[in-house]
Amino acid sequence: MQKSLSILFLVTAALASCQAPKQSNYQFQVSDLEPNLITLASDEFQGRRPFTAGEEITIKFLEDEFKKLGLEPGNGDSYYQDVPMVSIVSKSSETMELKNPNSSVSLTGFQDFVMWTQKTDSLVEIKDAEVVFAGFGIVAPEYGWNDYKNIDVKGKIVVVLVNDPGFGTEDASFFKGNTMTYYGRWTYKYEEAARQGALGCLIVHNTIPTGYGFNVIQGKHHQPILYLDDRGKKTSKLGFEGWLTLPSAKKLFEMAGKNDSELLSAARKPDFQGMPLGVNLSASIQVEAEYNVSKNVVAKLTGETKPEEYLIYSAHWDHFGIGKPDETGDSIYNGALDNASGTAALLALAKAFATDQTPDRSVIFLAVTAEEQGLWGSAYYAENPIYPKEKTVANINMDGINPYGKMKDVSIIGSGQSEMEDLLNVELEKLGRYSAPEPNPVAGYYFRSDHFNFAKIGIPALYFGTGIDHVEKGKEYGKQLQDEYVAVYYHKPSDEYDTSRWNLDGAVDDVQILYNVGKSLANSDKWPNWKAGSEFKAVRDSYMK
25 MQKSLSILFL
35 VTAALASCQA
45 PKQSNYQFQV
55 SDLEPNLITL
65 ASDEFQGRRP
75 FTAGEEITIK
85 FLEDEFKKLG
95 LEPGNGDSYY
105 QDVPMVSIVS
115 KSSETMELKN
125 PNSSVSLTGF
135 QDFVMWTQKT
145 DSLVEIKDAE
155 VVFAGFGIVA
165 PEYGWNDYKN
175 IDVKGKIVVV
185 LVNDPGFGTE
195 DASFFKGNTM
205 TYYGRWTYKY
215 EEAARQGALG
225 CLIVHNTIPT
235 GYGFNVIQGK
245 HHQPILYLDD
255 RGKKTSKLGF
265 EGWLTLPSAK
275 KLFEMAGKND
285 SELLSAARKP
295 DFQGMPLGVN
305 LSASIQVEAE
315 YNVSKNVVAK
325 LTGETKPEEY
335 LIYSAHWDHF
345 GIGKPDETGD
355 SIYNGALDNA
365 SGTAALLALA
375 KAFATDQTPD
385 RSVIFLAVTA
395 EEQGLWGSAY
405 YAENPIYPKE
415 KTVANINMDG
425 INPYGKMKDV
435 SIIGSGQSEM
445 EDLLNVELEK
455 LGRYSAPEPN
465 PVAGYYFRSD
475 HFNFAKIGIP
485 ALYFGTGIDH
495 VEKGKEYGKQ
505 LQDEYVAVYY
515 HKPSDEYDTS
525 RWNLDGAVDD
535 VQILYNVGKS
545 LANSDKWPNW
555 KAGSEFKAVR
565 DSYMK
């Protein structure tokens, strides 16, 4: 008997030695993040712009990394999902002419306005089109709000204010107060103007309610902009979309005999009535369009007991490529924080799941394209999901990972939206950390990253940002770091990996939390839902009954 037990022990040990043991409860290190971050943010990757050599280098690198980890192709036998797109270069006229019977004003492109088009005609020409002021350009039945009531804007140019009427009121029940709603997002304003039949739409820029400076918008001037290829589909498009600087808008309002402060005050009231300004606008855009296919990169770890239930981690791999040089002559938009860091985190998470015990549910690692151009890679995935939305438990998205060192908190983007934040809080508490609402809710970050497209089809999505409660130096210092990033590095060639100002200890902590939340969900029967009052709850409920 003793001999038999000894033989059994030896056989069992031999079998165990043939299998590489999987580490459980993976603990992240800086070395899990830094090498891939350095690589992705390097000049060799040319700013990772879709439709360029930078894309080819990037997607091949991601595919190779997923293969090294032993992850399966995520789209049948391929690691790629084709995203058909069109690249449009809009070369607007050097000036925009405004005139009425008594006066005229000539605005200068790039300096005073930026405009582009989704049209692929070789020339878009606007001649003496009537200009109408439509407040915030919002139609929101749930708030009893309609800026387009009793006014015809068909074939006209609509000028609208940025953000929504709640901003600056401190009233959280009125368009969520200082927290931007989707109605405040610039993409919505163009979409609504198109639905109303407008010829074009200009948004008045104002740095505080916009959430960033006019320099960010200037980055689109005469640059290629990507859209999904919608040939064969019925769509309504404006002749042009664009922005006016606040001083330029004031000139327009003065021509109309209007006071800009009085217009803003009137536009905040539910009984606001849009009005023609008695001003005509002329401008033109020369168009160059190129159709091509970009790629989402997707890998899969098949679950052990519930392989047909899916958790999706996402991050966008793209940035702006090579563009306008900065004051130092640097023209490569490396996008180290935005979003080489999130993509490096995606690879680190993939490594952890591949190393740790196989989860019950399948875990998908999705690196999407063209986020910087309008969230197009995730939009295409949402319209053409590889994994059914009814079987997708949740999305966890990463767009910028803490480069500032250890923080006590994380900032929940879209606080109060879904039960995913409750799962997050459980894991944070275990590590002595906490969550807080985002420090700059006016910026509308909930509508500015790829989780939003998952939310739009009802999939509960979690996206948290870097906190501000710095472990050593406190909240004021943490907020200062974030403000500095927006002012000095955001969407500029200066967003590079720099060991003199980056500290990845906090990034490690945040990726650990992302992993713990996902691991907990991947090994449970939970189906998190949207919270009461979320605009996405009804969508989920409609197909999960």
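The opening position of the sequence shown corresponds to residue 25 in our numbering, with each subsequent residue numbered one higher.
Backbone N, C-alpha and C define an ideal beta-carbon position, used for all residues, glycine too.
As the structure is a prediction and not an experimental result, all values here were calculated from the model.
Minimum C-alpha distance to residue i - residue among the options
i    : options                : result
I83  : G161, H340, L305, K200 : H340
F560 : Y470, D195, D522, G401 : Y470
M299 : E314, K319, I309, F277 : F277
Q142 : G302, G502, Q397       : Q397
D380 : R457, F69, S544        : S544
G366 : I356, Y411, I410, I420 : I420
K282 : F264, F296, D295, G302 : G302
N316 : V107, S117, Y214, S402 : V107
M568 : P484, D354, D101, Y212 : P484
P427 : T490, I410, Q53        : T490
V186 : N230, D519, E314       : N230
Q53  : D171, Y539, W140, G224 : Y539
A368 : F69, Y50, Q51, L64     : L64
P59  : Y521, V535, K555, A546 : Y521
Q135 : A290, F85, S117, Y357  : S117
K430 : T76, K499, K415        : K499
E87  : A391, G530, L447, V535 : A391
Y411 : K92, F69, G100         : G100
T259 : D342, A291, S285, R219 : R219
E79  : I62, V321, L262, D145  : V321
I181 : L223, W140, D188       : L223
K454 : E286, D533, P383       : D533
G527 : I537, Y334, H494       : In the sequence under discussion, the amino acid at residue 527 is Asn, which differs from the Gly named in the question. When only C-alpha atoms are compared, the closest one is H494.
Cβ neighbours of residue i in the same chain (closer than 8 angstroms, five flanking residues each side left out)
i    : result
S19  : Any answer about residue 19 is impossible in this case: the structure gives the chain only from 25 up to 569.
Y514 : Y236, V240, D362
S473 : H340, E395, L399, N421, D423, I437, Y487
T211 : G398, F471
F191 : F199, G201, N202, M204, G208, P233, V466
L147 : S308, I309, Q310, V311
I481 : A406, P409, K413, V563
Whole-number beta carbon distance between residue j and residue i, since they are thought to touch under 8 angstroms
i    : j    : result
L370 : N477 : At roughly 17 angstroms, the Cβ-Cβ gap does not stay under 8 angstroms, so L370 and N477 are not in contact.
Y487 : I437 : 5 angstroms
M279 : G468 : The pair is not a contact, with the Cβ atoms about 30 angstroms apart (cut-off 8 angstroms).
G638 : R72  : Within the shown structure, residues of the chain are numbered from 25 to 569, placing residue 638 beyond reach of any answer.
L61  : A364 : 5 angstroms
Neighbourhood of residue i by C-beta distance below 6 angstroms, restricted to the same chain and skipping five residues each side
i    : result
N553 : E443
V35  : Any answer about V35 is weak, because its pLDDT of 41 lies below 50 and its placement is not dependable; what the coordinates show is given next. No residues qualify anywhere along the chain.
K27  : For K27, the predicted model reports a pLDDT of 43, less than 50, meaning its position is unreliable and no value from the coordinates is stated.
L447 : V541
A479 : A485, F560
Residue interval of the beta strand (DSSP E) (run including residue i)
i    : result
A153 : 147-157
P300 : 299-325
Q441 : Taken as a continuous stretch (DSSP letters only), Q441 belongs to no beta strand (DSSP E), as it is neither H nor E.
W267 : 264-268
W400 : Not the beta strand (DSSP E): W400 falls in the alpha helix (DSSP H), residues 400-407.
L250 : 248-252
G224 : 224-228
L131 : 128-132
S114 : 104-116
M120 : 119-123
7 angstroms CB neighbourhood of residue i in its chain, flanking five on each side removed
i    : result
S566 : none
V138 : I241, Q242, K244, H245, G266, W267
S558 : Q441, S442
A403 : L252, N477
N170 : V163
W551 : V417
L270 : V228, H229, N230
F261 : Residue 261 is actually Lys in this sequence, not Phe. Counting only Cβ-Cβ distances below 7 angstroms, and skipping sequence neighbours, we find Q142, K143, A218.
Range covered by the alpha helix (DSSP H) that runs through residue i
i    : result
W210 : 210-219
V54  : 54-64
G498 : 498-508
S544 : 529-546
V392 : Unbroken run through V392 is the beta strand (DSSP E), 385-392; no alpha helix (DSSP H).
N477 : 475-480
M139 : Segment 137-140 is the beta strand (DSSP E) holding M139; no alpha helix (DSSP H) there.
K330 : No alpha helix (DSSP H) contains K330, which is instead part of the beta strand (DSSP E) from 330-340.
V240 : 238-242
C-beta neighbour in chain C for residue i, strict 8 angstroms
i    : result
G133 : Included in the structure is just one protein chain, with no chain C present.
Would you call the stretch 192-207 and the stretch 320-330 in contact, with 3 or more CB pairs under 8 angstroms?
no
Given 8 angstroms, three or more beta-carbon pairs between the stretch 170-189 and the stretch 146-160:
yes
With a threshold of 8 angstroms, are at least 3 pairs of Cβ atoms found where one atom belongs to the stretch 103-122 and the other to the stretch 237-256?
yes
If you pair each beta-carbon of the stretch 284-297 with each one of the stretch 352-360, do three or more pairs fall below 8 angstroms?
no
Under 8 angstroms: do the stretch 304-318 and the stretch 144-153 share three or more Cβ pairs, one atom per stretch?
The stretch 304-318, when compared against the stretch 144-153, does touch it at the 8 angstroms Cβ threshold.
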